[in-house]
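Engineer:
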Amino acid sequence: MRHLNLYLKSIVSIFIVTMLFSCKNNFNEVQKIGVSEDQPIGVAEDIDLKHTDSGRVTANLISPKMLDFTNRPFGYNEFPDGVVLHLYDENNEKSTVIADYAISYSKTGLIDMQGNVVLSSHNKDTLFAEQLYYDQNREWLFTNQPVTFRQGRDLINGNGFDSDSKFKQAQVLEIDGIITLNE
1 MRHLNLYLKS
11 IVSIFIVTML
21 FSCKNNFNEV
31 QKIGVSEDQP
41 IGVAEDIDLK
51 HTDSGRVTAN
61 LISPKMLDFT
71 NRPFGYNEFP
81 DGVVLHLYDE
91 NNEKSTVIAD
101 YAISYSKTGL
111 IDMQGNVVLS
121 SHNKDTLFAE
131 QLYYDQNREW
141 LFTNQPVTFR
151 QGRDLINGNG
161 FDSDSKFKQA
171 QVLEIDGIIT
181 LNE
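The UniProt record's numbering puts the first residue of the sequence shown at 1, with every later residue one more than the last.
Given below as structure tokens:
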């Protein structure tokens, strides 16, 4: 009987030692437990993000909710409940973009805004579109989707829009028509 206990203890000891040496350092895998690749790694509410250049705020993104998917190879932040984006020029004059939905790609600095997009410049020019991109690095707005652009008394319809964030180089592409409004 004593030999049997010793024999069992030896087998258990060998088994435990074998298991200990066969374990790998999978700390990164352990960190991923409970995080599905389809789920965000973070959810934030009442977002107020500022983009600065040389200490000057050039953009301010405000949203009620942000989903953080930066754990993906091409990480992004999603704003499913819409955004308000304020763009500031060097004179601190503000233009504002409002959209029902947005997605911001951190690697490229590109923000894709969709659904009832309205851009109002500091000089009262207004752009209406279903989709508009903002390149934070170049401070450039663009789309290849249908737009309506109100500039002064003119209402310009077209397919596409290109402009710096200050609206100094605003241009409607593939113009369908221009209507001059009486004011």
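Glycine included, each C-beta is placed from N, C-alpha and C at the ideal position.
Report yes if the CB atom of Q131 is closer than 8 angstroms to the CB atom of Q114, and no otherwise.
Structural biologist: Position 131 of the sequence shown, counting from 1, holds the residue named residue 131. Position 114 of the sequence shown, counting from 1, holds the residue named residue 114. Cβ distance < 8 angstroms, so Q131 and Q114 count as in contact.
Engineer: Q114 by DSSP, collapsed to three states: which one?
Structural biologist: Your numbering for residue 114 matches position 114 in the sequence shown. It is a strand residue.
Engineer: Rounding to the nearest angstrom, what Cα-Cα distance links E174 and N123 in this structure?
Structural biologist: Taking the first residue of the sequence shown as 1, we reach residue 174 at position 174. Taking the first residue of the sequence shown as 1, we reach residue 123 at position 123. So the two alpha carbons sit approximately 24 angstroms from each other.
Engineer: Residues bridged to D53 by DSSP?
Structural biologist: Position 53 of the sequence shown, counting from 1, holds the residue named residue 53. The partner list for D53 (beta bridge, DSSP) reads R56.
Engineer: For I62, which three-state DSSP category applies?
Structural biologist: Translated into positions along the sequence shown, residue 62 becomes position 62. I62: strand per DSSP, three-state reduction.
Engineer: Which residues share a DSSP beta bridge with D48?
Structural biologist: Residue mapping note: residue 48 aligns to position 48 of the sequence shown, counting from 1. Per DSSP, I62.
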